[in-house]
Amino acid sequence: MGNEMISLIIPTYNEEKNIEECINRANTALSSYNHEIIVIDDNSQDRTASIAESLGASVFVRKKDRGLAKSVVCGINQSKGEIIGVMDADLSHPPELIPELIKTLDNYDIAIASRLVEGGGAEGWPRHRKFSSFIGTFIAKGLTSISDPMSGFFFLKRSVIEKIPFKPKGYKILLEILIKGNYNGVKEVPFIFRDRTQGESKLSFFVGLEYILQTIELYWWKLANRKANPK
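With our numbering applied, the sequence shown corresponds to residues 13 to 243, in that order.
Here you go:
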């Protein structure tokens, strides 16, 4: 890439034990780029927002209509960069992979950190997490050929999402981007997902239900647009 600004979006909720290390490592990874770090906080009940602000991040606290996917869309709307990245705050996504993802955009429009391509994987996951991930990925297979459409760690060119009619739901925004975005190439970059060691997971039955509803809506959206724009 050239000298384009990089906007890194980090959604948070009660991540005071992780956010300082996350931002420091991300800043180090982005040190050779013109960049901004945007923290979208879902009204944490701890010091997440104040810690992030003290480290120079642009912090936006959302008190209504919260949710991970909605936080990412909020971050996109606040961002200035021609390159936009998204990653979790809980250190399950290694910030050291960021330069490789950005470099990948020299030849592709979307770069996804993938657990499910050769060289990728997950460490420290209990059985129920592995099972829910398998089911979620299986459900999405009818929508996209991407191996890991549920990844929360990716970078893309702004042009991919400029015209997307976002209807964010649940905790995964990448799937909606893959279905509705304007792009020519996607590259999955392998990485090892390491489960959080501090703080609590935000996954729940309700979050899983939202994902299923989102997937159904995307199936209908894809079908409607295929009929409206037959090839």
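Glycine residues also receive a C-beta, built at the ideal position from the N, C-alpha and C atoms.
Nearest neighbour of residue i, chosen from the options [CA to CA]
i      : options                           : result
ARG206 : VAL129, GLY136 and GLU108         : GLY136
ALA64  : LEU168, PHE150 and GLU48          : GLU48
ILE151 : ASN119, GLY164, LYS175 and LEU221 : LEU221
SER19  : GLN57, ALA69 and VAL198           : ALA69
GLU229 : ILE191, LEU67 and VAL73           : ILE191
LYS29  : GLU16, ARG59 and ALA38            : ARG59
ILE31  : PRO107, CYS86, SER145 and ILE189  : PRO107
LEU109 : ILE88, LYS234 and CYS34           : CYS34
GLY79  : THR24, ILE176, LYS142 and GLY132  : THR24
ALA81  : ASN237, LEU235 and GLN226         : GLN226
LEU235 : LEU155, LYS181 and PHE146         : LEU155
GLU94  : GLU174, VAL129, LEU67 and ASP102  : GLU174
MET162 : MET99, LEU186 and CYS86           : LEU186
ASN89  : TYR195, LYS142, THR40 and VAL51   : VAL51
GLY87  : PRO180, TRP232 and VAL201         : PRO180
LEU113 : VAL198, ASN15 and ALA101          : VAL198
TYR120 : TYR195, ILE224, ASN15 and TYR223  : TYR195
VAL172 : ILE189, ILE158 and LYS184         : ILE189
GLY131 : VAL201, GLN57 and TRP233          : VAL201
TYR183 : ASN39, VAL85 and TRP233           : VAL85
LEU103 : ALA134, VAL73, LYS75 and ARG74    : ALA134
VAL129 : ILE224, ASP160 and LEU42          : ASP160
Residues bridged to residue i [DSSP beta-bridge criterion]
i      : result
GLY133 : ILE204
PHE72  : ILE52
SER126 : PRO202
ILE22  : VAL51
PHE167 : GLY97 and ALA123
Buried/exposed call for residue i, threshold 16 Cβ in 10 Å
i      : result
ASN36  : exposed
HIS105 : buried
GLY97  : buried
LYS243 : For LYS243, the predicted structure reports a pLDDT of 44, less than 50, and the residue's modelled location is therefore unreliable. A value from the coordinates is still provided. LYS243 comes out exposed.
PRO177 : exposed
ASN26  : buried
THR116 : buried
ASP77  : exposed
GLY193 : buried
ASP54  : buried
SER83  : buried
SER91  : buried
ILE158 : buried
ILE147 : exposed
Residue range of the unbroken beta strand (DSSP E) whose run includes residue i
i      : result
PRO111 : No beta strand (DSSP E) contains PRO111, which is instead part of the alpha helix (DSSP H) from 110-116.
Residue range of the unbroken alpha helix (DSSP H) whose run includes residue i
i      : result
LYS153 : Note, LYS153: premise wrong, no alpha helix (DSSP H); not H, not E.
ILE189 : 186-192
LYS82  : 80-90
ARG37  : 31-41
GLU65  : 60-66
Chain B contact for residue i (CB, 8 Å cutoff)
i     : result
ALA41 : Absence of chain B from the displayed structure is noted, only one protein chain being present.
Near the ligand HEM: residue i beta-carbon under 7 Å from a heavy atom
i     : result
MET17 : With respect to the ligand HEM, the structure shown offers nothing to examine, as it has no ligands at all.
Worksheet item: Counting pairs of beta carbons, one from the segment 154-171 and one from the segment 115-124, are three or more of them closer than 8 Å?
Response: yes
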